[in-house]
Amino acid sequence: MDERIHEHAEVLVDWSARVEEGDDVVVLVDDGAHELAVAVGEKLGERGANPLTVYDSDEVERAFLRGHHGEFDESPGHELTMYENADVVLRLAGSTNTTAKADVPGETEQAYNKARMGIRETRLGTDWVSTLHPTRAHAQQAGMAYEEFQDFVYDAVLQDWESLAEEMAKMKTILDEGTEVRIVKEDTDLTMSIEERTAVNSCATVAYDSHNLPSGEVFTAPHATEGEVFFDVPMTHSGKRIQNVHLTFEGGDVVDFSAETGEDVLADILDTDEGARRLGELGIGMNRGIDRFTDSILFDEKMGDTIHLAVGRAYDACLPEDEKGNDSAVHIDMITDMSENSRMEVDGDVVQRNGTFRWETGFEA
163 MDERIHEHAE VLVDWSARVE EGDDVVVLVD DGAHELAVAV GEKLGERGAN
213 PLTVYDSDEV ERAFLRGHHG EFDESPGHEL TMYENADVVL RLAGSTNTTA
263 KADVPGETEQ AYNKARMGIR ETRLGTDWVS TLHPTRAHAQ QAGMAYEEFQ
313 DFVYDAVLQD WESLAEEMAK MKTILDEGTE VRIVKEDTDL TMSIEERTAV
363 NSCATVAYDS HNLPSGEVFT APHATEGEVF FDVPMTHSGK RIQNVHLTFE
413 GGDVVDFSAE TGEDVLADIL DTDEGARRLG ELGIGMNRGI DRFTDSILFD
463 EKMGDTIHLA VGRAYDACLP EDEKGNDSAV HIDMITDMSE NSRMEVDGDV
513 VQRNGTFRWE TGFEA
């Protein structure tokens with residue numbers, strides 16, 4: 163086994179999930195992530211945790227959804243109980259077919275997601291972390307050789323997370339002290355309120371309310387969104403391609419939308435429920451170790467020179483204790499490239515221009 167797989171598992175268990183002796187850990191294993199699961203199992207054994215390993219395959223889910231009559235039970239008790247009793251949930255992605263669910267009808271997936279909202283909320287109440295084991299399918303989706311993609315993944319995962327956390331703290335402070343963010347580029351002029359919101363310094367550990375490995379973003383929960391935004395970074399959702407998305411917001415809601423590719427898929431997302439037409443997240447990519455787009459949201463949204471916005475559910479970590487943010491059965495991130503002819507302002511001050519932050523060399527006010 164590649165030694166980097168063991169290093170990946172160690173970072174995941176120790177830095178990201180902070181697993182302790184006696185923790186009850188659910189490990190969700192994708193069909194191509196077996197080697198990482200083996201390495202994680204070893205680390206969990208060394209720490210005296212209690213793992214429950216669950217096979218979590220998109221191809222199995224496809225078969226279930228296509229065979230089902232469409233009336234899903236809400237939050238089935240056996241699965242809900244598993245998450246209610248878990249201290250930690252580790253999601254080991256690594257598909258052997260990244261388009262496995264491409265032929266699942268959109269309305270079926272909508273119904274399934276709605277029925278599972280209780281399960282989703284319970285899982286998100288644990289110390290959960292998602293990561294990805296490099297597979298040939300993901301390498302192909304990224305347009306990379308398998309060995310090249312392996313190097314890319316481990317360069318993103320195996321880094322000095324404490325130093326990156328110190329760098330990202332500068333952006334967290336700006337957002338925490340700010341009240342309004344404006345994003346401006348071609349086909350984009352969008353404003354959103356961040357007043358009384360708390361930004362998360364997402365440095366790949368639950369200790370910072372961060373749940374992805376790799377990470378490298380600062381995110382918050384915006385509201386009162388107005389204007390238009392163009393997402394020029396392609397994405398794949400449930401095996402279906404979406405490209406060149408344009409959204410128009412009025413009064414916080416999406417009132418018009420278009421996409422060059424996958425407009426029907428986008429429509430299904432926005433029609434999931436009322437909350438799917440409002441923003442749940444503003445995220446600012448700050449991981450310079452991720453230097454190219456791979457069509458994997460886990461990596462692409464963390465890339466420096468990008469901003470992403472998610473329609474759907476807002477994360478509680480960004481909200482005041484007495485406030486419930488945007489609620490939805492979905493949380494779908496879409497990315498815009500900020501590397502050229504763009505700027506991000508906070509309360510009228512330019513914080514990022516052409517992908518460069520104001521504390522970085524080369525910033526032009």
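Here the sequence shown is numbered in the working numbering, starting from 163 and rising by one per residue.
Glycine included, C-beta positions come from ideal geometry on N, C-alpha and C.
Remember, it's a predicted structure, so these values are computed and weren't measured experimentally.
{"Asked": "Quick check on Glu443: does DSSP put it in helix, strand or coil?", "Found": "strand"}
{"Asked": "Assess, as a yes-or-no matter, whether the segment 318–338 is touched by the segment 215–230 under the definition of 3 or more beta carbon pairs within less than 8 Å.", "Found": "no"}
{"Asked": "Under 8 Å, do Glu197 and Ile167 count as touching if we go by C-beta distance?", "Found": "yes"}
{"Asked": "From which residue to which residue does the beta strand (DSSP E) around Tyr217 run?", "Found": "212–217"}
{"Asked": "In the structure shown, what three-state DSSP assignment does Leu227 receive?", "Found": "helix"}
{"Asked": "Quick one: grab the DSSP three-state call for Gln514.", "Found": "strand"}
{"Asked": "Exposed or buried, Lys205, counting other C-beta atoms within 10 Å across all chains shown (16 or more means buried)?", "Found": "buried"}
{"Asked": "Does the separation of the CB atoms of Asp192 and Gly256 fall below 8 Å?", "Found": "yes"}
{"Asked": "Where does Val175 fall in DSSP's three states?", "Found": "helix"}
{"Asked": "Under three-state DSSP, which class holds Asn449?", "Found": "strand"}
{"Asked": "On the criterion of 16 or more Cβ atoms from any shown chain inside 10 Å, does Ser325 qualify as buried, or is it exposed?", "Found": "exposed"}
{"Asked": "Kindly indicate which three-state DSSP category Val315 falls into: helix, strand or coil?", "Found": "helix"}
{"Asked": "To the nearest angstrom, how far is the alpha carbon of Asp415 from that of Arg439?", "Found": "5 Å"}
{"Asked": "Under 7 Å Cβ to Cβ from Ala366, same chain only, skipping five residues before and after it: list those, please.", "Found": "Trp177, Ser178, Trp323, Ser372, Asn374, Leu375, Pro376, Ser377"}
{"Asked": "Please confirm whether Gly340 and Asp509 have their CB atoms less than 8 Å apart.", "Found": "yes"}
{"Asked": "Across which residues does DSSP place Ala264 in a beta bridge pair?", "Found": "Answer is none; Ala264 lacks a bridge partner."}
{"Asked": "Have a look at Val380 and Val222 and give me their C-alpha separation to the nearest angstrom.", "Found": "34 Å"}
{"Asked": "Taking Cβ positions, are Thr293 and Ala479 nearer each other than 8 Å?", "Found": "no"}
{"Asked": "Suppose you measure from the CA of Met506 to the CA of Asn406; what does that come to, to the nearest Å?", "Found": "20 Å"}
{"Asked": "Quick one: complete beta strand (DSSP E) runs, 3+ long, within the segment 296–370?", "Found": "342–347, 350–355, 362–364"}
{"Asked": "Rounding to the nearest angstrom, what Cα-Cα distance links Asp394 and Thr288 in this structure?", "Found": "34 Å"}
{"Asked": "Residues in the same chain with beta-carbon distance under 7 Å from Tyr274, minus the five sequence neighbours each way, listed in chain order, please.", "Found": "Leu227, Phe234"}
{"Asked": "Kindly indicate which three-state DSSP category Thr498 falls into: helix, strand or coil?", "Found": "strand"}
{"Asked": "Could you give the residue range of the alpha helix (DSSP H) that holds Ala386?", "Found": "That residue, Ala386, is in no alpha helix (DSSP H); its beta strand (DSSP E) goes 385–393."}
{"Asked": "How big is the Cα-Cα spacing for Glu425 and Arg253?", "Found": "29 Å"}
{"Asked": "Could you give the first and the last residue of the continuous beta strand (DSSP E) run that contains Leu460?", "Found": "Not the beta strand (DSSP E): Leu460 falls in the alpha helix (DSSP H), residues 459–462."}
{"Asked": "With H, G and I counted as helix, E and B as strand and the rest as coil, what does DSSP make of Ala248?", "Found": "coil"}
{"Asked": "Leaving out the 5 sequence neighbours to the left and right, which residues in its chain are closer than 6 Å to Glu236 when beta-carbon positions are compared?", "Found": "Ala277"}
{"Asked": "Across which residues does DSSP place Thr423 in a beta bridge pair?", "Found": "Gln405"}
{"Asked": "Under the assumption that Leu481 contacts Gly487 (Cβ atoms under 8 Å), give the Cβ distance between them as a whole number of angstroms.", "Found": "5 Å"}
{"Asked": "With three or more C-beta pairs closer than 8 Å as the rule, is the segment 311–321 touching the segment 350–364?", "Found": "no"}
{"Asked": "In this structure, what does DSSP give as the bridge partners for Arg180?", "Found": "DSSP, once it has assigned bridges, lists no residue as partnering Arg180."}
{"Asked": "Glu283: which of Thr468, Ala248, Asp317 sits nearest, CA to CA?", "Found": "Ala248"}
{"Asked": "Closer than 6 Å by C-beta to Asp495: which residues in its own chain qualify, once you throw out the five before and the five after it? Chain order, please.", "Found": "Ile459, Glu463, His470, Ala472"}
{"Asked": "To which residues does DSSP link Ser292 through a beta bridge?", "Found": "Arg253, Asn374"}
{"Asked": "How would you write the range of the alpha helix (DSSP H) that Gly232 sits in, first residue to last?", "Found": "Looking at the DSSP string, Gly232 is not in any alpha helix (DSSP H), and its letter there is neither H nor E."}
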